[in-house]
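Colleague:
Protein chains in written order, with my numbering: chain A, 1 to 184; chain B, 185 to 355.
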């Protein structure tokens, strides 16, 4: 009976671990953005994601201290808790990123502010033309170290976004059968 | 390990159904269809997988372990649905990164990047998508927000303004 109860406690802690880790990530990210808004968005997300990972590790240590065999802790943490936390953290990061770089959300915000008068197509196309998008993105990518401005020629800096891009475009090919929405 | 087995079976089956469905015919509203498929399908498949676990002579999952499986399906579904936004519509940032990578060691000039962006009318494509999704209305030469509230977009803006206290900028 005591063993059953102990087993249920272990299972409950494994269930709660990714949620607790996500809560730590959100909290750290919120504090980070409020205290140091100048930090590039991706760095703040990566740092808070690591804080969440540390919280996940702390729960696994607590499970070991409570007596769960280390083999069970390792299998559950590597194959279940960490992937679930990874998915939750990835979802949160994308949710935050939507507010920063999504064209759709920015158009929505402009129209919300415009109220009943709406906005003209010329205004929207002028405000969000491709040249403006390029300028803002280049500035953001250079300041985050993802691109290097080498006297007018842009070169790859950190490769993390390229890796994400290759994964996304590869998945697009598998699911939709095309590499880009603009391919004919 | 049984949790992993149940979670992997449910997600694997759902992903196969998703790929088959999408290759046969794309749903008109793809992200809501994905949510219904993965969350509804997960509920439908859970008893089937439970029966499979029993038939294989494995130890049945407890209610806490089933909650863990549900959390796993929910987490994967949310992660996949947000990724799917980048699948159905190209991300300008990721597209730029790939174009710069193609430039290799010599890099890419601003002129080349402008040409690349001009070949991809992101803004016009997004406006069309928003009209198709029913979020925007186009009357004459003007655009208006549709009547119904767009909860996700409101949440994103609320979180950005009041939780992160970030300025409204970007592009």
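Beta carbons are placed, not taken as given, at the ideal position from N, Cα and C, and that holds for glycine.
Keep in mind that this is a model prediction, so the values were computed, not measured.
1. If you scan the segment 306-335 of chain B from start to end, which runs of the alpha helix (DSSP H) of 4 or more residues do you find wholly inside it?
2. Taking 7 angstroms as the CB-CB cut-off, is residue 241/B touching chain A?
3. Grab me the residues of residue 155/A's own chain with a C-beta within less than 6 angstroms of its C-beta, minus the 5 sequence neighbours each way, in chain order.
4. Among 320/B, 316/B and 303/B, whose alpha-carbon lies nearest the alpha-carbon of residue 106/A?
5. Assess, as a yes-or-no matter, whether the segment 113-120 of chain A is touched by the segment 298-307 of chain B under the definition of 3 or more beta carbon pairs within less than 8 angstroms.
6. Just how far apart, CA to CA, sit residue 213/B and residue 317/B?
7. Closer than 8 angstroms by C-beta to residue 354/B: which residues in its own chain qualify, once you throw out the five before and the five after it? Chain order, please.
8. Report the rounded CA-to-CA distance for residue 134/A versus residue 58/A, giving the unit in angstroms.
9. So the alpha helix (DSSP H) residue 108/A belongs to, where does it begin and stop?
10. In angstroms with no decimal places, state the Cα-to-Cα distance between residue 331/B and residue 312/B.
11. Under 8 angstroms, with one C-beta from each stretch per pair, do the segment 186-206 of chain B and the segment 288-303 of chain B reach the 3-pair mark?
12. Closest to residue 257/B by CA distance: which of 215/B, 310/B and 230/B is it?
13. Which complete alpha helix (DSSP H) runs does the segment 112-139 of chain A hold, if anything under 4 residues is left out?
14. Rounded to whole angstroms, what's the CA-CA distance from residue 170/A to residue 78/A? Just pull it up for me.
15. Could you pull the start and end residues of the beta strand (DSSP E) that residue 153/A belongs to?
16. Select from the segment 204-221 of chain B all residues with a C-beta closer than 9 angstroms to any C-beta belonging to chain A, and list them in chain order.
17. Three-state secondary structure (DSSP) at residue 3/A?
18. With a cut-off of 8 angstroms, do at least 3 Cβ pairs link the segment 234-252 of chain B to the segment 52-70 of chain A?
19. May I have a chain-ordered list of the alpha helix (DSSP H) segments no shorter than 4 residues that lie completely inside the segment 187-226 of chain B?
20. Verify the CB distance criterion: does residue 51/A have a CB-CB separation below 7 angstroms to chain B?
21. How far does the alpha helix (DSSP H) with residue 63/A in it extend, from its first residue to its last?
22. I'd like to know whether the C-beta of residue 256/B is nearer than 7 angstroms to at least one C-beta of chain A.
23. Please report the distance separating the alpha-carbon of residue 15/A from that of residue 43/A.
24. Anything in the segment 54-85 of chain A with a Cβ closer than 7 angstroms to a Cβ of chain B? List those residues in chain order, please.
Modeller: If we stick to the structure as given:
1. 306-316
2. By this cut-off, residue 241/B is not an interface position.
3. 148
4. 320/B
5. Contact fails: fewer than three Cβ-Cβ distances are below 8 angstroms.
6. 7 angstroms
7. Residue placement at residue 354/B is flagged as unreliable, the pLDDT there being 47, under the threshold of 50; the coordinate-derived value follows with that caveat. Once the five neighbours on either side are set aside, residue 354/B has no close Cβ partner at all.
8. 42 angstroms
9. 103-114
10. 18 angstroms
11. Contact annotation: the segment 186-206 of chain B does not touch the segment 288-303 of chain B, with fewer than three C-beta pairs closer than 8 angstroms.
12. When 215/B, 310/B and 230/B are compared, the shortest CA-CA separation from residue 257/B is found for 230/B.
13. You should have 121-127.
14. Each residue's Cα considered, the two are about 26 angstroms apart.
15. Boundaries of the beta strand (DSSP E) harbouring residue 153/A: 153-156, taken from the DSSP string.
16. 206, 207 and 210
17. Helix at residue 3/A.
18. no
19. 214-219
20. no
21. 41-66
22. yes
23. 28 angstroms
24. Correct list: 75, 79, 80 and 84.
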